[in-house]
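Asker: Residue numbers for the sequence shown follow this note's numbering, beginning at 66 and rising by one.
Each residue gets a CB set at the ideal place from its N, CA and C atoms; glycine is no exception.
Quantities reported herein were computed from a predicted structural model and do not represent experimental measurements.
Input: one structure, supplied below.
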Amino acid sequence: MQEKILFPNEIILKTKFWRIEQDWEVPLVGFFILVPLRTLQSIDELSDEEAVDFINLLRKLRKGMREILKIKEVYLFENEDTLHNFHLWIFPRHNWMEKFGKKIESVRPIINYTKENMTNKENFKEIKNAIEEMREYMNFNKNN
């Protein structure tokens, strides 16, 4: 089944090796993807320079999510059996998600819930605002 692209080209930041973007299928504030600019299947294929950039970007992004978006907790997912090649999901935990539990099993029901109940103009506006705030934060802190 083809997924609907809700947020095309919503890039937060692009570096020499990486791109951070809003997840394009799930209408969830702060659901970001860290994607390499070159094709690879696994984290062990990163060069030393790519690995350093990866961890520095992830740390800055996570700090911005905490400070700017007030996201206290996230789940990090990297799967190697995807057609989309290597990428890291930074999946936010919002207070309203408590009813789904806090285990990994809660993620799919949360994704389904957001697709069924949060595909609306009000939520899209909130996501776009969060994207812009994170863009500003990441660009301001680009070299820090």
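Considering only their Cβ atoms, is the gap separating Y202 from I133 smaller than 8 Å?
Answerer: Position 68 of the sequence shown, counted from the start, is the residue given in the question as residue 133. Position 137 of the sequence shown, counted from the start, is the residue given in the question as residue 202. Closer than 8 Å, so yes.
Asker: Work out the CA separation of I77 and W113 for me, nearest whole Å.
Answerer: Translated into positions along the sequence shown, residue 113 becomes position 48. Translated into positions along the sequence shown, residue 77 becomes position 12. It should be noted that the sequence gives Asp, not Trp, for residue 113. The straight-line gap from Cα to Cα measures roughly 23 Å.
Asker: DSSP on R103, reduced to helix/strand/coil?
Answerer: Start at 1 with the first residue of the sequence shown, and residue 103 comes out as number 38. Three-state result, R103: coil.
Asker: If we count the other Cβ atoms within 10 Å of its Cβ and call it buried at 16 or more, is V91 buried or exposed?
Answerer: For the purposes of this step, residue 91 is taken as the residue at position 26 of the sequence shown. Flag for V91 reads buried.
Asker: How would you label N206, buried or exposed, when you count the other beta carbons within 10 angstroms and need 16 or more for buried?
Answerer: Taking the sequence shown and counting its residues from 1, the one referred to as residue 206 is at position 141. Under the 10 Å beta carbon count, N206 is surrounded by fewer than 16 other beta carbons and is classified as exposed.
Asker: Looking at the strands, I want to know which residues DSSP matches up with Y202.
Answerer: Your numbering for residue 202 matches position 137 in the sequence shown. Answer by DSSP bridge pairing: none, since Y202 is not bridged.
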